[in-house]
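Chains as they are written, first to last, in the working numbering: chain X, 188 to 600; chain Z, 154 to 419. Contents: one structure, followed by commentary.
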Amino acid sequence: MTRRAAVASILLLLVPAPTLAQGFSGYGEVKGFAFTGRAVDSDPWVLGWSTLFVKGEKKVGDTQWTASGRAEEISSRERGPLVLDPADREPRRSPLSVRELWVRLPVASSVDLQLGRFELGWGKTDGYSPADAFLPRDLSDPFADEKLPLWATRLSGQKGPLRAEAVAGLITTPWRLPVLGGRYAPLKTESTNGRIEYADEENTPPRAGFGALRLLATIGDWDVGGWGRFGVRPAPLLIFRTDLATPVPSGLIVPVERRYAREQGIGVEVSRVTGSWVLRAEAAALFSEDPDLGNALIGTLSAERGFGDGTLLVTLAGNAKDTPVDPALLFDRALLPALIVAWNRTEEWGSWKVVWTEGLKYGDGLLKAEVGYNATDLWRITLGGELPYGSEKGSLGALHAARRVHLALRRSW
Amino acid sequence: MSGTFPGSRAVLAAAAIFLLLGGRVLAGEDARTLLSEAETRHRTRSQEYTGELTVVNKDGKVRKKNWRSFRQGYAGDAKSLVRFTDPPEVKGVGFLSLARPGKAADQWLYLPSMKRERRIASQDRDASFVGTDFNYEDMEEFDHKKFGVELKGEQLLDGRPCYLIEAIPVEDGGKSVYGKKILYLRKDILFLVREDLYRRGEKEAGKRLGLSDLRNVGGHWVAMRLEMTDLKKGSRTTVLLKEMVFDRPQPDDRFTLRNLNREGGE
Numbered sequence: 188m189t190r191r192a193a194v195a196s197i198l199l200l201l202v203p204a205p206t207l208a209q210g211f212s213g214y215g216e217v218k219g220f221a222f223t224g225r226a227v228d229s230d231p232w233v234l235g236w237s238t239l240f241v242k243g244e245k246k247v248g249d250t251q252w253t254a255s256g257r258a259e260e261i262s263s264r265e266r267g268p269l270v271l272d273p274a275d276r277e278p279r280r281s282p283l284s285v286r287e288l289w290v291r292l293p294v295a296s297s298v299d300l301q302l303g304r305f306e307l308g309w310g311k312t313d314g315y316s317p318a319d320a321f322l323p324r325d326l327s328d329p330f331a332d333e334k335l336p337l338w339a340t341r342l343s344g345q346k347g348p349l350r351a352e353a354v355a356g357l358i359t360t361p362w363r364l365p366v367l368g369g370r371y372a373p374l375k376t377e378s379t380n381g382r383i384e385y386a387d388e389e390n391t392p393p394r395a396g397f398g399a400l401r402l403l404a405t406i407g408d409w410d411v412g413g414w415g416r417f418g419v420r421p422a423p424l425l426i427f428r429t430d431l432a433t434p435v436p437s438g439l440i441v442p443v444e445r446r447y448a449r450e451q452g453i454g455v456e457v458s459r460v461t462g463s464w465v466l467r468a469e470a471a472a473l474f475s476e477d478p479d480l481g482n483a484l485i486g487t488l489s490a491e492r493g494f495g496d497g498t499l500l501v502t503l504a505g506n507a508k509d510t511p512v513d514p515a516l517l518f519d520r521a522l523l524p525a526l527i528v529a530w531n532r533t534e535e536w537g538s539w540k541v542v543w544t545e546g547l548k549y550g551d552g553l554l555k556a557e558v559g560y561n562a563t564d565l566w567r568i569t570l571g572g573e574l575p576y577g578s579e580k581g582s583l584g585a586l587h588a589a590r591r592v593h594l595a596l597r598r599s600w
Numbered sequence: 154m155s156g157t158f159p160g161s162r163a164v165l166a167a168a169a170i171f172l173l174l175g176g177r178v179l180a181g182e183d184a185r186t187l188l189s190e191a192e193t194r195h196r197t198r199s200q201e202y203t204g205e206l207t208v209v210n211k212d213g214k215v216r217k218k219n220w221r222s223f224r225q226g227y228a229g230d231a232k233s234l235v236r237f238t239d240p241p242e243v244k245g246v247g248f249l250s251l252a253r254p255g256k257a258a259d260q261w262l263y264l265p266s267m268k269r270e271r272r273i274a275s276q277d278r279d280a281s282f283v284g285t286d287f288n289y290e291d292m293e294e295f296d297h298k299k300f301g302v303e304l305k306g307e308q309l310l311d312g313r314p315c316y317l318i319e320a321i322p323v324e325d326g327g328k329s330v331y332g333k334k335i336l337y338l339r340k341d342i343l344f345l346v347r348e349d350l351y352r353r354g355e356k357e358a359g360k361r362l363g364l365s366d367l368r369n370v371g372g373h374w375v376a377m378r379l380e381m382t383d384l385k386k387g388s389r390t391t392v393l394l395k396e397m398v399f400d401r402p403q404p405d406d407r408f409t410l411r412n413l414n415r416e417g418g419e
C-alpha cells in the first residue's frame with residue numbers, strides 16, 4: 188500500500204495543475220530530519236516523512252461539501268499499521284487517513300449546521316490558549332503542534348455583533364502520544380533493575396465525546412467571549428503498571444495504560460485593539476473529580492503588534508493551581524507557566540519565523556526557527572530547526588535528544 | 154506709488170492674504186464638490202468580481218493569485234469581502250473590511266490554517282496584503298470625507314485632462330499610513346484614474362495606484378485593470394477584474410465574521 192501511495196503521489200505531482208478540477212487542491216511533501224542525539228538506541232539519527240494530501244470541495248446551492256485524505260510514509264516508529272481508523276483513535280498514525288469529511292448547510296437565516304469530521308480552532312491566543320485545550324492533538328511530532336479533526340456537529344450563527352457556536356463531539360478522539368520512552372516522550376529509562384522499556388497497552392478511549400458552547404461579541408475595538416464545555420478530556424492520564432512489570436535480561440518492561448477523565452470547564456476571553464497593539468486575555472476554570480487530574484485555573488495574556496510585514500507576539504500563560512501529578516504527564520498543562528515570544532515575517536521570496544518558548548518553572552525552553560522559500564507559486568522549500576534546552580525536569584528541557592534540523596520540499600496544487 | 158495713502162501696503166497685503174486664503178477655501182470646496190459628485194455618479198449598491206492578480210517583484214519574478222471580491226455599499230459605508238481562490242498556499246484566505254464613519258475600517262483576515270480570524274490593528278495597515286503590493290489600508294474603499302482635500306490644478310494623463318487633488322488625512326478620520334495622496338480625477342467622467350501615495354514623513358510618493366481599461370458596465374464606469382506600483386521596492390501588482398457585476402443583492406450575512414470564518418464560504 189505504501190508503494191501504491193508513493194506511485195500515486197508521483198503521478199499526481201506530474202499532473203499539470205490546470206488540468207485538475209478547481210474544487211481539488213492538495214500537496215505532496217517530502218521532509219527529512221537529522222537529530223543531534225538519541226534518548227534510546229531505537230531512536231533513528233535521521234528520519235524521513237513523506238505526505239500526500241488531497242482535498243475536494245464542492246458547493247451545491249448553499250450547501251458546502253468538503254472531503255480530504257492523507258497518505259503518508261514515516262520511517263520511524265511513529266508510523267502505525269495500515270488500519271481503518273476514521274476517528275484517529277489508534278495510538279499510531281495510519282498510513283492512510285481521512286482528515287475531513289463534512290457538509291455544512293444553512294438551517295435558518297444566518298445559522299449553519301455542520302456535520303461530519305472537521306477541525307476546530309477556538310483559541311485566539313497563539314502559543315497557548317485554554318479554549319483549545321479540549322481539542323485533541325497529535326504529538327507524533329511534538330514540535331508540529333498538529334490538531335486532530337473531530338467527528339462532531341456544529342451549529343453556528345450570528346445576530347448583530349453576537350456570534351454563537353454549539354459543538355457536540357460525537358466520539359472521543361484522544362491525544363496521540365509519541366512513542367513512550369523515545370526522544371519525543373522521554374521517560375526515566377534506568378532503574379536499580381536495569382533498563383526500563385515502556386509498553387503501550389491496548390486501550391479503548393471512551394466512546395462519548397464532549398459538548399461545548401461559545402459566545403463571541405465584537406463591540407467597537409473590543410472582542411469579548413465566553414465558553415463552557417463538558418465531557419471527556421481527550422488527553423489521557425497515564426498509569427504505569429509497575430506491578431505488572433516483566434523482567435527481561437536488559438531490565439524491565441513496564442506496561443502503560445491510559446485513562447480518560449471527565450472534565451468541565453468555563454472560560455472567558457477579551458481582546459482589544461489599542462493603537463498599534465492587539466491585547467488579549469483569556470482565563471479558564473477547569474474542574475475534574477479525577478484525583479490525578481484535579482482542577483486548574485489557567486490564564487493567558489498576550490500582546491501582538493505588526494511591524495510592516497512582520498508580526499511580534501508575546502504570550503504569558505500560567506496555571507494558578509498545583510497539579511496532583513507531574514504536569515508533564517498532563518500534556519496540555521505540561522508547559523505552564525511559560526513565556527512564548529514569536530516573530531513571523533513575510534518576505535517577497537517567502538517567509539521566516541522564530542519562536543522562543545521559555546518554561547518559567549524549571550528554566551527550560553525551546554527555540555524554533557524556520558525559513559520558507561517559495562521557488563514558485565507551487566513549490567516551496569523549508570529549512571528549520573528545533574533546539575530544546577535547559578533543565579531536564581521541564582517538559583521542554585526533557586526533549587534534549589530531539590534537537591534537530593529539518594528540510595522539506597512541498598509541491599502544492 | 155506716490156499717490157498711495159499711508160497703510161496701502163498693509164491693505165494690499167491683507168487683500169492678497171484674503172484672496173489667497175479665500176482662493177484656498179474655494180479650491181477646497183471645489184475639490185470636495187468634485188469628489189462628492191464623483192461619489193454620487195459612481196456609487197453602486199454592490200459589486201462582485203473575480204480578480205486575477207499578477208505580482209512582479211523588482212527582479213521580474215512573477216507570482217499569480219486569484220480572488221473573489223464582494224462589496225456592498227460604497228466609500229464611507231462600504232463592506233467588502235475578499236476570498237482568495239488560488240494559488241494553494243493562500244486558497245481560502247479571507248479578508249473582511251467594514252467601513253466606519255470617521256474612523257479607519259474594521260478589518261479581519263481569516264487564515265484557513267489557523268481556523269480563525271485575526272484582527273488587523275490600525276498600525277498593521279501598512280503591511281503587505283497577502284504578498285501583494287497592496288497594504289491593508291489600500292484594501293479599504295477610498296472615502297474622501299476622511300481627508301482634507303484641495304484642488305491643485307489640472308494635468309493631462311494618457312492624453313486625458315484630469316483634476317489634480319491633494320488629499321491629506323484628517324486626524325479624526327482614523328490614522329492613515331499615508332501622509333498625503335495625490336488624486337487624479339478624469340475631468341470628463343469624474344473618475345479616479347490614479348493615486349500617488351505618500352507615506353507619513355516622506356516627500357516622495359512611495360506607491361502609485363493606476364486605474365485603467367475603463368469600461369461602462371451596466372451604466373457604471375469601472376476600471377477593469379488596477380496596478381499598484383511600489384516605487385521604492387520596484388515591484389508591482391496588477392489586478393485584472395473579470396466577471397464584474399453591479400447591484401446584485403448581497404446575502405444578509407455575507408459581510409459578517411461568521412461568514413469570514415466559514416471555510417469555503419463566499
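Don't be surprised by glycine CBs; every beta carbon is placed ideally from N, CA and C. Treat the numbers as computed from the prediction; the structure is a model and nothing was measured.
So which residues of chain Z does residue i contact, with C-beta pairs closer than 9 Å?
i	result
LYS218 (chain X)	Ordered by position in chain Z, no residue passes the 9 Å Cβ test against LYS218 (chain X), which lies about 17 Å from the chain.
ASP253 (chain X)	Per the sequence presented here, residue 253 (chain X) reads as Thr, with Asp not at that position. In chain order: GLU416, GLY417.
Would you check if the distance between the CB atom of residue i and the CB atom of residue j is smaller than 7 Å?
i	j	result
ASN506 (chain X)	ALA483 (chain X)	yes
PRO323 (chain X)	TYR371 (chain X)	no
LEU251 (chain Z)	ALA257 (chain Z)	no
GLU456 (chain X)	GLY493 (chain X)	no
LEU402 (chain X)	GLY415 (chain X)	no
PRO293 (chain X)	ASP249 (chain X)	yes
LEU345 (chain Z)	LEU336 (chain Z)	yes
GLY359 (chain Z)	LYS385 (chain Z)	yes
ARG353 (chain Z)	GLY332 (chain Z)	yes
GLY235 (chain X)	GLY219 (chain X)	yes
ASP564 (chain X)	PRO240 (chain Z)	yes
ALA472 (chain X)	ILE453 (chain X)	yes
GLY267 (chain X)	LEU239 (chain X)	no
ALA525 (chain X)	GLY546 (chain X)	yes
Report the CB separation of residue i from residue j in whole angstroms; it is logged as a contact under 8 Å.
i	j	result
THR390 (chain Z)	VAL208 (chain Z)	5 Å
ALA515 (chain X)	ASP477 (chain X)	With a Cβ gap of about 17 Å, ALA515 (chain X) and ASP477 (chain X) do not count as contacting.
PHE426 (chain Z)	MET267 (chain Z)	Limits of chain Z in this structure are 154 at one end and 419 at the other, which puts residue 426 (chain Z) out of reach.
VAL330 (chain Z)	GLU290 (chain Z)	5 Å
LYS311 (chain X)	SER458 (chain X)	6 Å
GLY497 (chain X)	LYS548 (chain X)	GLY497 (chain X) to LYS548 (chain X), Cβ: 30 Å. No contact.
VAL302 (chain Z)	LEU188 (chain Z)	6 Å
TYR202 (chain Z)	LYS334 (chain Z)	24 Å between Cβ atoms; not a contact.
PHE300 (chain Z)	ILE321 (chain Z)	6 Å
What residues from chain X crowd round residue i, counting only those whose CB sits closer than 9 Å?
i	result
THR409 (chain Z)	SER297, GLN345, ARG350
ARG353 (chain Z)	Going along chain X, no residue has its Cβ under 9 Å from ARG353 (chain Z), so there is no contact; the nearest lies around 13 Å.
Quick one: list the residues of chain X neighbouring residue i, beta-carbon separation under 8 Å, in chain order.
i	result
ASP141 (chain Z)	The shown model of chain Z, from 154 to 419, leaves out residue 141 (chain Z), and the question about it has no answer.
Determine the chain X residues that contact residue i at a beta-carbon separation under 7 Å, and present them in chain order.
i	result
SER281 (chain Z)	ASP496, THR533
ASN210 (chain Z)	GLU535
LYS244 (chain Z)	SER212
ARG269 (chain Z)	GLY308, LYS311
ARG216 (chain Z)	ASP564
ASP405 (chain Z)	SER296, SER297
GLY332 (chain Z)	Those within 7 Å of GLY332 (chain Z) in chain X number zero; the least Cβ separation is about 17 Å.
Residues of chain Z with a CB under 7 Å from the CB of residue i: which are they?
i	result
TYR175 (chain X)	In the structure as shown, chain X starts at 188 and stops at 600, and residue 175 (chain X) therefore has no counterpart that could be examined.
TRP600 (chain X)	PRO241
THR405 (chain X)	LEU410
GLY493 (chain X)	ALA274, GLN276, ASP277, ALA280
LYS246 (chain X)	GLY417
Determine the chain Z residues that contact residue i at a beta-carbon separation under 8 Å, and present them in chain order.
i	result
ASP410 (chain X)	ARG272
Is the region 220-239 of chain Z touching the region 397-413 of chain Z in the sense that three or more CB pairs, one from each, lie closer than 8 Å?
yes
Of all the residues that make up the region 303-315 of chain X, which are near chain Z by a beta-carbon distance shorter than 9 Å?
So the list reads PHE305, GLU306, LEU307, GLY308, TRP309, GLY310, LYS311, ASP313, given in the order they occur along the chain.
Residues of the region 450-477 of chain X whose Cβ lies closer than 9 Å to any Cβ of chain Z, in chain order:
SER458, VAL460, THR461, GLY462, SER463, TRP464, VAL465
State whether the region 339-357 of chain Z contacts the region 304-317 of chain Z, with contact taken as three or more CB pairs (one from each stretch) at a distance under 8 Å.
yes
Residues within the region 563-577 of chain X neighbouring chain Z, beta-carbon criterion of under 9 Å:
THR563, ASP564, LEU565, ARG567
Residues of the region 345-374 of chain Z with Cβ closer than 8 Å to any Cβ of chain X, in chain order
none
Across the region 300-314 of chain X and the region 570-588 of chain X, are there enough close Cβ pairs to call them in contact, namely three or more that are closer than 8 Å?
no
Can you confirm whether the region 344-352 of chain X touches the region 553-567 of chain X when touching is taken to mean that 3 or more C-beta pairs between the two stretches lie within less than 8 Å?
No: the two stretches stay apart, fewer than three of their Cβ pairs being nearer than 8 Å.
With 7 Å as the C-beta to C-beta threshold (strictly closer), list the residues of the region 284-299 of chain Z near chain X in chain order.
GLY284
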